[in-house]
Amino acid sequence: MFARWPLVLVASVGAAWVAQKVIKLIIVRRWFKNLPQPPGHNFLSGHLAAMTEASQAFPPGTHPQYFYTYLAHKYKLPGIFYIDLWPLAVPQIVITDPDIAMQVLTVNPFPKHPQIEVFLQPFTGKGSIAASNGDRWKYNHRMVGGGFTASHIKSMITMISEEGFTFHNRFKEMAERGDPIALEEETSKAIFDVVGKIVFGFSLEAQKTGSPLLEDLRATIDPATAVLSSFNPIARYKSWRKLRDIRRRVHDSLSAEIRKRGAIMKDEKELPSRRKAKSIMDRIILDRMQDEPNAPLNQAFLDDVITNLKALLLGGHGTTTSTFTFAIMFLSLHPDILARLRQEHDEIFDPDFETTIEIINSDPSRTNKLDLTNAVIKETLRFYPIGFTIRSAPTGVKFIEHNGNKWPVAHGAMVIPSAHSTQMDTSLWKDPNCFRPDRFLGEEGASQHRFAWRPFERGPRACIAQDLAMDELRVMLLLVVRWFDFELVNEIQNKKPRVGFMDLDERIGDLAFQVVGMEAKPNKAMRFKVRRSGRS
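Using our numbering, read the sequence shown as starting at 939 and increasing by one per residue.
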């Protein structure tokens, strides 16, 4: 009799565990009852079938923002809807209505969801400005935010044009060689040099000699993504080891730069004010020296700085690089818009390249007059938003409220204001499937819903580098598109569109869909031929 006790105990514990899970399942499934949601909510699997259907509509590796847009369009879901994937994931609350989105972004800003930290940690380390909340976020924002004010960025237009000059000359060389190029990779070198000057105060020379730091940072993307998404434990372990080695090199490289600059500044008799510091790194070190004049740059401080610098270097160059690549792709497909863009550049600047550079340097604010250029960038970002945010309800908040309506928020739920879904919404945009920059010009531009365009998101957690990104894109397009023609060379057209809300894949195949990286980015297979346009 006593010999059976262990077996009885195990059976009792097992039965209790099963009963607990069944009760939890019933509670979760009942919570979704009568809430707006995709059809086919199943007691055992929730919305797993709907999400599987959505993911299988796209090529492997597609960014998940497309899945929410697919569900919203196919099932004509309202401006807020719920997805139940328990026990695989916490409840998801997807917001496509821009006014409801503002409730969680600006009116009562929801903090970043812990899942953001889980996603970004393999790329940047723990506690970066992009993933942190509360006092930690305030600390991070003070550390790096001052380097991205609109006035400070506008003063750096000349520096952007210097890298744009090199960028232009590299395209001459690529055009002469005639080989197809990976435009996203080549563009990343120019943008990385710009971001390097803002962060460190000097160019990292990625364009001229190559940057080991850029190569290492870009090399983190594939293994970090594999660590997050692979179900193969051996593959995950191999990716983790590769990622660990790369991160160690990046950490050592950045640590050496910070220590070197700190030693130089400590020996200087007069230090600049925080406002006049020439780089983000100088500003960080100045703050440290003012707060604790005699304290060394200890490891805890260095780790905080390095985590934030990695977030800036990766995010700061990735967003602009991806958007420039997509903009060139669209211009190559729309020669009429390209012709108008070239005309705008001739009229507001000068047909001559050298004179254009001189005007940028002497009158940087003239780039603000490039209305069509700005519209091309905005339309590219409408079609291909790079950022993606997930929020979590603050403690004590149980509802999202707007115009007298209340939608429940489960504890720990992912609240997803899906900018991509909003920016492809036919109730907000005329012909959202079409690349049409004129929607941002004149009366039509003035009549757009003011919260419908949100590629950088809104509120206190909006992208701190959005002004830099827009200035970089304006200058780079100004210095490239008149002198070079681009042709997408490796597209395999789809015979029919994969999904109902866009048909660009009929022209360029699966290259039409953004893939998962640290942000939503172009497919690595995207290649272009570069030719001189005939201008000297």
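No residue lacks a Cβ here, since even glycine has one placed at the ideal position from N, Cα and C.
For residue i and residue j, I'd like the C-alpha separation in whole angstroms.
i	j	result
residue 1383	residue 1362	16 Å
residue 1072	residue 1435	44 Å
residue 1294	residue 1241	42 Å
residue 1347	residue 1174	33 Å
residue 1154	residue 1259	17 Å
residue 1096	residue 1081	25 Å
residue 1323	residue 1317	10 Å
residue 967	residue 1325	31 Å
residue 1125	residue 1266	11 Å
residue 982	residue 975	16 Å
residue 939	residue 953	With a pLDDT of only 48 at residue 939, under the threshold of 50, the placement of this residue in the model should not be trusted; the figure read from the coordinates follows. In a straight line, the C-alpha of residue 939 is about 21 Å away from that of residue 953.
residue 1442	residue 1371	8 Å
residue 1319	residue 1204	43 Å
residue 1455	residue 1135	24 Å
residue 1201	residue 1063	25 Å
residue 1377	residue 1350	38 Å
residue 1186	residue 1105	30 Å
residue 1133	residue 1417	18 Å
residue 1414	residue 1157	25 Å
residue 1078	residue 1084	11 Å
residue 980	residue 970	11 Å
residue 1391	residue 1360	8 Å
residue 1067	residue 1473	44 Å
residue 1464	residue 1019	34 Å
residue 993	residue 999	9 Å
residue 973	residue 1332	21 Å
residue 1087	residue 1344	36 Å
residue 1183	residue 1159	13 Å
residue 957	residue 965	12 Å
residue 1280	residue 1402	30 Å
Which residue from the options puts its Cα closest to that of residue i?
i	options	result
residue 1339	1040, 968, 977 and 958	1040
residue 1445	1473, 1428, 1015 and 1056	1428
residue 1061	1403, 1248, 1379 and 1299	1248
residue 1471	1113, 983 and 1043	1113
residue 1450	1067, 1263, 1345 and 1393	1263
residue 1461	1280, 1102, 1447 and 991	1447
residue 1352	982, 1010, 1048 and 953	1048
residue 1075	1433, 1292, 1243 and 1432	1243
residue 1309	1130, 1342, 1238 and 1412	1412
residue 987	1014, 1022 and 1214	1022
residue 1341	1078, 1064 and 1035	1035
residue 1466	994, 1172 and 1115	1115
residue 1321	1218, 1415, 1459 and 1252	1459
residue 1027	963, 1255, 1401 and 1474	963
residue 1014	960, 1148 and 1365	1365
residue 1261	1086, 1404 and 1231	1404
residue 1255	1065, 1312 and 1409	1409
residue 1284	1272, 1273 and 1297	1297
residue 1432	997, 972 and 990	997
residue 1007	957, 1231, 1355 and 1065	1355
residue 1089	1278, 1214, 1379 and 1337	1214
Report the partner residues of residue i according to the DSSP bridge assignment.
i	result
residue 1466	1119 and 1426
residue 1458	1454
residue 980	984
residue 1352	1030
residue 1515	What the structure shows of the chain is the stretch from 939 to 1474, and residue 1515 is not part of that stretch, so it cannot be assessed.
residue 1021	1030
residue 1346	1337
residue 1000	1453
Since residue i and residue j are thought to touch, with beta carbons under 8 Å apart, how far apart are those beta carbons, to the nearest angstrom?
i	j	result
residue 1033	residue 1017	7 Å
residue 1051	residue 1329	6 Å
residue 1422	residue 1109	5 Å
residue 984	residue 1024	6 Å
residue 1257	residue 1407	6 Å
residue 1437	residue 1251	Not a contact, Cβ separation roughly 34 Å.
residue 1191	residue 1139	Contact flag wrong, Cβ pair sits at about 16 Å.
residue 1123	residue 1131	Not really, about 14 Å apart at Cβ, beyond 8 Å.
residue 1425	residue 1270	6 Å
residue 1375	residue 1314	5 Å
residue 1327	residue 1065	Not really, about 17 Å apart at Cβ, beyond 8 Å.
residue 1129	residue 1468	Not confirmed; about 17 Å, so no contact.
So, does the CB of residue i fall closer than 8 Å to a CB anywhere in chain C?
i	result
residue 1219	Annotation note: the requested chain C is absent from the structure, which comprises a single protein chain.
(request) Please confirm if the region 1299-1307 is in contact with the region 999-1017, defined as three or more CB-CB distances below 8 Å between the two stretches. (result) With the rule of 3 Cβ pairs closer than 8 Å, the region 1299-1307 does not count as touching the region 999-1017.
(message) Measuring CB atoms only, is the region 1190-1201 touching the region 1217-1233, in the sense that at least three cross pairs come out at less than 8 Å?
(response) Short answer: they touch.
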